[in-house]
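Each remark here refers to the structure printed beneath this line.
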Amino acid sequence: MTLETFNQQKAKFHEQEKAVLAIQTELDKAKNILEALQNEKAEFVARQKTNLANIGTLSADEYVEIKNKNSGLQARIEYYQALIVDLENKCYAEQEILFQQQNELKQIRRIILLEKAEVLFNQFIEQNKENLAEIYTYLFYSGKFKQNKNLTDESEEQAILAYLTENIMARIEKEQPLEKTLILYSEQLASFEQKSPMALHREKFEAKPTGLAELINNL
Numbered sequence: 005m006t007l008e009t010f011n012q013q014k015a016k017f018h019e020q021e022k023a024v025l026a027i028q029t030e031l032d033k034a035k036n037i038l039e040a041l042q043n044e045k046a047e048f049v050a051r052q053k054t055n056l057a058n059i060g061t062l063s064a065d066e067y068v069e070i071k072n073k074n075s076g077l078q079a080r081i082e083y084y085q086a087l088i089v090d091l092e093n094k095c096y097a098e099q100e101i102l103f104q105q106q107n108e109l110k111q112i113r114r115i116i117l118l119e120k121a122e123v124l125f126n127q128f129i130e131q132n133k134e135n136l137a138e139i140y141t142y143l144f145y146s147g148k149f150k151q152n153k154n155l156t157d158e159s160e161e162q163a164i165l166a167y168l169t170e171n172i173m174a175r176i177e178k179e180q181p182l183e184k185t186l187i188l189y190s191e192q193l194a195s196f197e198q199k200s201p202m203a204l205h206r207e208k209f210e211a212k213p214t215g216l217a218e219l220i221n222n223l
């Protein structure tokens with residue numbers, strides 16, 4: 005039942021990834037347009053300065069045309085700057101949902117992995133019960149692990165178990181990858197940083213218009 009729940013939740017997780025990706029794509033597009041507009045404006049201003057330096061003067065109509073062109077570019081720049089703020093806020097909200105879904109999935113996966121580990125461990129013990137008993141017996145009667153009560157509180161049994169643990173850990177393959185269906189990494193959360201409670205409180209307290217709303221309010 006837990007695995008079924010995990011798969012259902014993971015399907016929703018992938019759908020949310022698509023929602024985040026769609027906004028990120030829109031955001032990247034807006035940033036590219038903004039950069040192009042800023043370059044266009046800088047080049048336009050540079051050309052007008054060069055033209056004025058070469059000609060030495062310009063008419064009122066020419067100035068109005070230049071002014072309108074420059075104002076139009078600036079207005080577009082301000083629009084995309086505001087749009088980017090809105091998209092970044094929207095993207096964060098969707099990433100926050102994705103982040104919470106990922107954490108919920110990790111909790112479900114934790115149960116699944118512990119259950120899998122316990123099943124395999126019990127199988128291993130059952131299949132190797134006699135060998136393990138022999139190993140323990142040989143180590144116990146070897147006398148190597150007999151403890152001096154004046155030097156340590158560790159029992160002989162504890163010393164043997166510590167020896168076995170150390171040797172088992174030394175021989176276990178620790179770079180075994182997790183099966184693909186249980187991996188929860190998302191490229192859409194690669195650079196995501198959750199806002200601190202203080203930052204969220206400040207945003208809620210200030211509650212001022214941002215993005216396009218702020219742009220229109222400033223007209």
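Numbering follows this note's numbering, in which position 141 of the sequence shown is assigned residue number 145; successive positions increment by one, without gaps.
Just so you know, even glycine gets a beta-carbon here, dropped at the ideal spot from N, CA and C.
These numbers were taken from a predicted model, which means no experiment stands behind them.
**Asked** Thinking just about the alpha-carbon of each residue, which of E21, E47, K150 is nearest to the one in Q106?
**Response** That would be E21, whose Cα lies nearest to the Cα of Q106.
**Prompt:** How do the segment 141-150 and the segment 160-178 stand: do at least 3 beta-carbon pairs fall below 8 Å, yes or no?
**Reply:** yes
**Item:** Distance between beta carbons of T6 and I115, contact taken as under 8 Å
**Value:** 5 Å
**Request:** State the Cα-Cα distance for the pair K153 and I164, rounded to the nearest angstrom.
**Result:** So the alpha carbons of these two residues sit roughly 16 Å apart.
**Request:** Identify whether P201 lies in helix, strand or coil by the three-state DSSP scheme.
**Result:** Correct three-state label for P201: helix.
**Message:** Tell me the rounded alpha-carbon separation between A79 and L31.
**Reply:** 19 Å
**Item:** Secondary structure of D32, DSSP reduced to three states
**Value:** Here D32 sits in helix by DSSP.
**Asked** Where L102 and F196 are concerned, what is the direct C-alpha to C-alpha distance, given to the nearest angstrom?
**Response** 10 Å
**Prompt:** What span of residues does the alpha helix (DSSP H) with L216 cover, start to end?
**Reply:** 215-221 is the extent of the alpha helix (DSSP H) around L216.
**Message:** Quick test of your reading: I27 and L91, contact by CB under 8 Å. State the CB separation rounded to the nearest angstrom.
**Reply:** 6 Å
**Message:** Is it buried or exposed, A137, if we count other Cβ atoms within 10 angstroms and call 16 or more buried?
**Reply:** exposed
**Item:** Which listed residue (E8, E207, Y140, A57) has its alpha carbon closest to that of L168
**Value:** Y140
**Request:** Please work out which residues of its chain come closer than 7 Å, Cβ to Cβ, to L193, disregarding the five sequence neighbours upstream and downstream, and give them in chain order.
**Result:** Q99, L102, F103, Q106
**Request:** Determine the closest residue to V49 out of E69, K35, D65, S63, with distance taken between C-alpha atoms.
**Result:** E69
**Local conformation of K153 per DSSP, three classes** = coil
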